[in-house]
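Chains as they are written, first to last, in this note's numbering: chain A, 1 to 220; chain B, 1001 to 1204. A virtual CB, placed ideally from N, CA and C, is assigned to each residue, including glycine. The model shown is predicted, which means the values in this text are computed figures rather than measured ones. Reviewing the structure listed below.
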């Protein structure tokens, strides 16, 4: 099993990191994330106190929207090309394949966001303590965002206007992550990190099964 | 290779509120080939997908012993990858090694990205992916589409070689096949005829 999954993981990761043929790579969500952090001070003015108070929330909104960007390229092209059918013929379960894809998706968008967060924090005048909370929050929250993203990508694969629908579906599902993630940055809100981790775990546990059921249902 | 077996019992397929076919049954053993013949839209591809286990039949059952490899209109090769790498991906998953005899003439195309291949070359690549799986049961949906006469003959030679090696083949094709001892299943015999029940002859 592992020997057959490994090439699939490597392919998923290469496609999501580098991008190819109708798929942007990891650079697009990352640039989007940094662009929001860069534009926000221009929009609200350079008041350092205001930026420090609201900046962390902006980082979370930017992270969430950056996670939505690649949704239509996560599953759809491989369903379309018949890869999921070919994997099914080889007895590889959709659950395992989607778990692999969640990991690859997280590495390609979650890790770059973690690395870019200090830059964003600098642009938004966050102090070191707030940055640490943002990093912890992103570390705990982005796996959940990846899981929700892959599930929605599987649900909307093959639908017309799947990309637009995917974005609409993702927003309500990711609200809990946003509330606890941004909430952990309020004074005394550190407990939000625990709830954030819990949301992520629930999303990770449910996502492969929900997404697999969606892919199988779409075959009928 | 264990002796493969593929049997269908009284299969029916429904798409939406229309029954495409019913009462399809056959049994195939090692070395045998079945040609699904019929007009476009009669349900050949649906039957292939039911036999592959990718779609549930509306009624009836499929009995399968042995792994299945499928060629349909979807290539399942990454368009941006060079053909050699794209095929190597499936060899890695199937834990097989590429054969040296190159029956589909792809050696010269190994460095060409899949998206630049012509229709016929893509079909040959799909057949190479099929062979890479080394599965005893081949399900082929229009495998000769886009192939010129010479390559259509070589593809059929590959099918014959697979049968000789103990494989079995189901081929949906509207083209005549030159396979020895091939059985033919005329899909038209299994299309339900509601118009004969209510006397509405306009449909025929």
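Assumed close pair residue 125 (chain A), residue 51 (chain A) - CB separation to whole angstroms, cut-off 8 Å: The Cβ separation is near 4 Å, so the contact holds.
As assigned by DSSP and simplified to three states, the class of residue 54 (chain A): Note: residue 54 (chain A) maps to helix in three-state DSSP.
Min CB distance residue 73 (chain A) to chain B below 8 Å: So, not an interface residue.
Interface partners of residue 1055 (chain B) on chain A, CB under 9 Å: Near residue 1055 (chain B) (Cβ distances below 9 Å), the residues of chain A are 219 and 220.
Exposure label - residue 40 (chain A); buried when at least 16 CB within 10 Å: It is buried - the Cβ of residue 40 (chain A) has at least 16 other Cβ atoms within 10 Å.
Buried or exposed by the 16-neighbour rule on C-beta atoms within 10 Å, applied to residue 196 (chain A): Counting Cβ neighbours within 10 Å, residue 196 (chain A) comes out buried, since at least 16 surround it.
Limits of the unbroken alpha helix (DSSP H) element including residue 1121 (chain B): Element bounds for residue 1121 (chain B): 1119-1132.
Contact between the stretch 131-148 of chain A and the stretch 80-93 of chain A (3+ Cβ pairs under 8 Å): Fewer than three beta-carbon pairs drawn from the stretch 131-148 of chain A and the stretch 80-93 of chain A are found closer than 8 Å, and the two stretches are therefore not classed as touching.
Per DSSP, cross-strand counterpart(s) of residue 105 (chain A): Answer is none; residue 105 (chain A) lacks a bridge partner.
Euclidean distance between Cα positions of residue 58 (chain A) and residue 66 (chain A): Distance between the alpha carbons of residue 58 (chain A) and residue 66 (chain A) is about 12 Å.
Alpha carbon of residue 1146 (chain B) to alpha carbon of residue 206 (chain A), nearest angstrom: Taking the straight line joining both Cα atoms gives about 43 Å.
Positions along the stretch 81-105 of chain A whose CB lies within less than 7 Å of some CB in chain B: Against chain B - using a Cβ distance shorter than 7 Å - the residues of the stretch 81-105 of chain A are 81, 82, 83, 85, 86, 88, 89 and 90.
Residue 72 (chain A), buried or exposed, once every other Cβ within 10 Å from all chains shown has been counted against 16: With 16 or more other Cβ atoms inside 10 Å of its own Cβ, residue 72 (chain A) counts as buried.
Nonlocal neighbours in the same chain, by C-beta distance under 6 Å from residue 1123 (chain B), ignoring five residues either side: Within the same chain, 1146 and 1147 come within 6 Å of residue 1123 (chain B) by CB-CB distance, once the 5 residues on both sides are set aside.
Spatial neighbours of residue 1113 (chain B) in its chain, beta-carbon cut-off 8 Å, leaving aside the 5 residues before and after: The beta carbon of residue 1113 (chain B) sits closer than 8 Å to the beta carbons of 1079, 1080, 1081, 1082 and 1083 from its chain, once the five residues preceding and following it are set aside; these are given in chain order.
Exposure of residue 1106 (chain B), with buried meaning 16 or more beta-carbon neighbours within 10 Å: Per the 10 Å Cβ criterion, buried.
Within-8 Å CB hit, residue 160 (chain A) to chain B: Output row for residue 160 (chain A): interface = no.
Selection from B:1074, B:1099, B:1149 and B:1108 that minimises the alpha carbon distance to residue 1126 (chain B): It is B:1074.
Short Cβ contact (8 Å threshold) for residue 175 (chain A) with residue 105 (chain A): Contact flag unset, no.
C-beta contact flag for residue 141 (chain A) and residue 204 (chain A) at 8 Å: In this structure, residue 204 (chain A) does not lie closer than 8 Å to residue 141 (chain A) by Cβ.
Ranges of the alpha helix (DSSP H) found wholly within the stretch 57-98 of chain A, counting only runs of at least 4: If you keep only unbroken alpha helix (DSSP H) runs of at least 4 residues inside the stretch 57-98 of chain A, you get 76-80 and 83-89.
Inter-residue spacing [alpha-carbon to alpha-carbon] between residue 1064 (chain B) and residue 1184 (chain B): Residue 1064 (chain B) and residue 1184 (chain B) have their alpha carbons spaced roughly 20 Å apart.
Environment of residue 1032 (chain B) [buried if 16+ CB atoms lie within 10 Å]: So residue 1032 (chain B) counts as buried.
Buried or exposed by the 16-neighbour rule on C-beta atoms within 10 Å, applied to residue 1056 (chain B): Exposed is the call here.
Classification of residue 80 (chain A) by the beta-carbon crowding that lies within 10 angstroms, buried from 16 upward: With fewer than 16 Cβ atoms within 10 Å of its Cβ, residue 80 (chain A) is classed as exposed.
Below-8 Å beta-carbon distance, residue 213 (chain A) vs any chain B residue: Among the residues facing chain B, residue 213 (chain A) is not included, as its CB has no counterpart in that chain under 8 Å away.
Buried/exposed call for residue 102 (chain A), threshold 16 Cβ in 10 Å: It counts as buried.
Chain A within 8 Å of residue 1226 (chain B), Cβ atoms only: Coverage of chain B is limited to positions 1001 through 1204, which leaves residue 1226 (chain B) absent and any answer about it impossible.
Cβ neighbours of residue 181 (chain A) in the same chain (closer than 6 Å, five flanking residues each side left out): So the qualifying residues of the chain are 60, 137, 141 and 196.
Euclidean distance between Cα positions of residue 1163 (chain B) and residue 1054 (chain B): When rounded, the separation of the alpha-carbon atoms in residue 1163 (chain B) and residue 1054 (chain B) is 24 Å.
Residue 1168 (chain B) vs residue 1071 (chain B) beta-carbon contact at 8 Å: The answer is no: Cβ separation not under 8 Å.
First and last residue of the uninterrupted beta strand (DSSP E) at residue 1021 (chain B): Residue 1021 (chain B) -> beta strand (DSSP E) spans 1018-1029.
Cβ-Cβ distance between residue 1172 (chain B) and residue 1061 (chain B) below 8 Å: The beta carbons of residue 1172 (chain B) and residue 1061 (chain B) sit no closer together than 8 Å.
Between the CA atoms of residue 146 (chain A) and residue 7 (chain A) - distance to the nearest angstrom: Taking the straight line joining both Cα atoms gives about 21 Å.
Whole-angstrom C-beta distance between residue 184 (chain A) and residue 192 (chain A), which should lie under 8 Å: With a Cβ gap of about 3 Å, residue 192 (chain A) and residue 184 (chain A) count as contacting.
Close Cβ partners of residue 1025 (chain B) (< 6 Å) along its chain, the five nearest in sequence each way excluded: A distance below 6 Å between beta-carbons, with the five flanking residues on each side excluded, links residue 1025 (chain B) to the following residues of its chain, in chain order: 1008, 1009 and 1010.
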